[in-house]
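Some notes on the structure that comes next.
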Amino acid sequence: MTVLAAPAEGGTATRAPRILVFSTNNISDPGIDLAGSNHLHYSPGVRVIAMPCTSGIRPSWILHAIRQGFEGVFIASDGDECAYLADCAKRASRIVSEAQALLRQNGYDANRLRMAAICSVCAENFAKHMNGFSDALVALRAKEAAAAAAASQASAGGDAPAGAGATK
Amino acid sequence: MSAPKFEWNPETAPANPRQGGPDEAQPAHEEKARRIGVYVCHCGGNISDYVDVQAVVDAVKDEPGVVVAKHTVFACSDAGQQEMQEDIEANHLDGLVVASCSPKLHVVTFRGVAKRSGLNPYEYNQANIREQVSWTHTNDPEGATHKAIGVVRGVIGRTRLSDPLEPLEVKTQQRALVIGGGISGLRAAIGLADVGLAVYVVERERELGGWVGKFGPMFPHEREGRDLIASLVQEIRKRPSITVFTGAEIASKAGSFGNYLVGIRVSGSGDSAETITVDVGSIVVATGFDAYQPPEGSFGMGLPGVITLPDFKALVDGTDGPLRFQGKPVRSLAYVYCVGGRGDGGNAHCSRFCCSATAHTSIRVAGLDPKIRQYHLYRDIRTYGSFELLYTESRKSGSVYVKYPDDAPPVVSTDRDGLKVTVRDLLSGDEELEIPVDLVVLVTGAVPRKNDGLVGILKLPIGRDGFFNEIHPKLRPVETVVDGVLIAGASQGPKSSAESVASGLAAVTQSAAVLKKGVAELDPLVATVDPDKCTWCGKCENACPYGAIEKLSLNGREVATIGEATCKGCGGCVPVCPENAIDLRGYTDGQITAMIDGLLEEAMA
């Protein structure tokens, strides 16, 4: 069955969050393949784009993905195993920082972006990350819906709290 | 299992951003009119059991640029490839998308299809709808189908923006490294030397030979394993192009395919050690296996008179006269099969060789003393191929075979009368037998060798069973996802010595196919600079550890230029450019954003 999010306020079940994963051809993508080979389950809302190296991800792609409808972006990084760049983990951290700043500037919660090192055999680890991230995004969805509703009510009452519903 | 079929239900269907409100601006890609063929593979039922492939075809057939959209039972089969070739030629396709297994398996295959049909191989892109869709969403066929549609649309979007490219060539070292000095590694080393490559052999132990080097007579010619190893070592001595390091381990690996720099830590006398660096084009990993060691109490392990098959083989090999164990004569013994395999000990696999090895050992025991009573307590006998002769001969020599139920393995115990085995005889009315014996031999199989250090250094992929993973068990059986790193012998799963040698020689062929040309073709997916956008700030130059980026004076302006031969294609320079002037071929800004957009377009037609 398709994994459904917890019923939103009002009782309507919603679809599983769409998560964009940036993997790497030689390290994390084989790990994600192995999760499939082992028939480990996670939400079909997870979609993967494989890159040569984590350090080649543009922060603007992450913002674009969120704008287009992905609720979260997960960077399945090479960690310290990158065959290209010795300082790949450091570069990836910088990309995440920049992307999170970009998300905030555009009114999105920075928690919509996560990163973890996924090795070529980290199948269970990957599935666990996906399930955890899906749950977190569902919770974020509910939290933001509640904040938006509160802001709407406050607005109707003429005293909108500063910052309420500012992120999406 | 037949393919699930779905009725389109707008109430439950995931949202399609393309059908969103007027505020949802789509990126404006400059797209030329393309002629793309899309093939959605059933992979037998591996995909189509969970993904409605017809629904995928229907959903993408009217995508911009798509002129052919089909599903195919096996895209990689000769018939499947032929169909694609004919379509490419008949429809003048300039782009190809195959939605099938992981690209790691068949990119080369389908690039070959493109090339044979006159289509540039880099106009081909693969959508992974098996490992990352059908196999991981076996619990959700509907979700899997929606996802497959999005994945294929994403790859079509990428293909619309692909450009024809030519592969890059790098010189390859005419040297190979073999890790492991067992029968597979030694035979591979000889083969590599005979095709004209210099070879380094690294063996962790002080002696070469591995398991076979410890064996006595082996089936079928009863030649001793240690003699086989001695003859291989003699052949190695005749070849000056082979350098052997014993008592040595791999300490580091750097470089890339065709040009690996490998550090070998060679232990000297006492605690001293020296690290030697060799430059090689390929690496053959033939590190073998470990024998399963049952924990104390498992099948009587730890009781006096209970030993494993490797220990018993060593006992038999070292015996000329009457068989004795710990000073006592052995008049009866029981072999308990499938210990540490087929579910026991957490190992799901069957090691295959243990049935044959036990039958062979029992024949040798009968040869020492035909009066010794031998009971074989088995789940199934898997003496495949000519090993069946051993099974027949073993029974003829007096061995008694007793089949026990899968869910009721024999119980080994001891009392004042000595050792005994209690077993249910499935083929004789399921009667419970109590067999007093002098010795119990636990027929243990192969388990993955503990090699965490090596795995970490070589980044070797490991399968669920813990053995090294090949790319494809049938089509690329000794290659790994790490280019130029090959696996051989029992390091990739239980094998007989003959099978181990065969896989070692397959690794020789694979190494030779790449290294003997002197050059290897690499993907031309390197970074490029748009000089019109570049304002030369130098950030990209600083971001490239390979020195591939230089400053160039162009029409009175300073701009960056990237050397194709030195660029490794990592893309590390891409996000540091403040002007977005750098793109990685195959992963351009336009292609990635098109993929992101397509991945969300999962609604069915």
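Note that the protein sequences, when read in sequence, are chains A and B.
Every position in the first sequence, counted from 1, becomes a number in this note's numbering once 8 is added.
Every position in the second sequence, counted from 1, becomes a number in this note's numbering once 427 is added.
Note that beta-carbon positions come from the ideal geometry of N, C-alpha and C, so glycine has one too.
Annotated as proximal: C130/A and S36/A, with beta-carbon spacing under 9 angstroms.
When 7 angstroms is used as the limit between beta carbons, E558/B is near these residues of chain A: D41, G44 and S45, in chain order. Linking A1021/B to V81/A through their CA atoms gives a straight-line distance of about 16 angstroms. Of all residues in the segment 976–1010 of chain B, only K995, G996, C997, G998, G999, V1001 and P1002 come within less than 7 angstroms of chain A when Cβ atoms are compared, listed by chain position. Under the DSSP assignment, E632/B falls outside any alpha helix (DSSP H); it carries neither an H nor an E label.
When CB distances to chain B are screened at a threshold of 8 angstroms, the residues of the segment 60–71 of chain A falling below it are P60, C61, S63, G64, I65, R66, P67, S68 and W69, in chain order.
DSSP links C468/B through a beta bridge to T499/B. As the crow flies, the alpha-carbon of F752/B is around 14 angstroms from that of G845/B.
Between the C-alpha atoms of S725/B and R809/B there is a straight-line separation of about 23 angstroms.
Around the beta carbon of H469/B, 16 or more other beta carbons sit within 10 angstroms, so the residue counts as buried. Within the same chain, Cβ atoms closer than 6 angstroms to the Cβ of A675/B are found at V629, I691 and V693, the five residues on either side in sequence being excluded. Beta-carbon to beta-carbon, D41/A and K531/B are separated by about 7 angstroms, close enough to satisfy the 8 angstroms threshold. According to DSSP, F739/B shares a beta bridge with no other residue.
For Y1014/B, the closest Cβ of chain A is nearer than 9 angstroms.
Chain order gives no chain B residues near S85/A, where near means a beta carbon separation below 9 angstroms; the closest approach is about 13 angstroms. Considering only beta carbons, the part of the segment 519–539 of chain B lying closer than 8 angstroms to chain A consists of S529, P530 and K531, in chain order.
Residues of chain B whose Cβ lies closer than 8 angstroms to the Cβ of L28/A are, in chain order, I1023 and L1026.
Counting along the chain, no alpha helix (DSSP H) covers V81/A; the unbroken beta strand (DSSP E) around it starts and ends at G80 to S85. Taking the Cβ atoms as the reference, P25/A lies roughly 4 angstroms from L145/A, within the contact range of under 8 angstroms.
C-alpha of V525/B to C-alpha of L902/B: approximately 18 angstroms in a straight line. Three or more pairs of CB atoms, one per stretch, sit closer than 8 angstroms, so the segment 705–712 of chain B contacts the segment 893–912 of chain B.
Less than 9 angstroms separates the beta-carbon of D717/B from that of K877/B.
Think of a sphere of 9 angstroms around the beta carbon of V56/A: the chain B residues whose beta carbon falls inside it are N555, Q559, V578 and L1026, in chain order. Excluding the 5 residues flanking it on each side, D1016/B has same chain C-beta neighbours closer than 8 angstroms at N1007 and D1010, in chain order. When P38/A, F78/A, H47/A and S45/A are compared, the shortest CA-CA separation from D1024/B is found for F78/A. Under the DSSP assignment, R851/B falls in the beta strand (DSSP E) whose first and last residues are G845 to D852. For the C-beta of R891/B, the chain A residues within less than 7 angstroms are, from N- to C-terminus, N46. Neighbours of E152/A across chain B, judged by C-beta separation under 7 angstroms, do not exist; the nearest C-beta is about 17 angstroms away. When secondary structure is reduced to three states using DSSP, D489/B falls in the coil class, being assigned neither helix nor strand. Within the same chain, V605 and A713 come within 6 angstroms of G612/B by CB-CB distance, once the 5 residues on both sides are set aside. In the DSSP assignment, H803/B is bridged to Y762/B and Y828/B. Looking at the DSSP output, Q1018/B sits in no beta bridge, so it has no partner there. For Q553/B and N547/B, the gap between their C-alpha atoms comes out near 14 angstroms. If you ignore the 5 residues before and after L981/B, its C-beta comes within less than 6 angstroms of the C-beta of P958, all in its own chain and listed in chain order. Within chain A, Y92, L93, A94 and D95 have C-beta atoms less than 9 angstroms from the C-beta of P972/B, given in sequence order.
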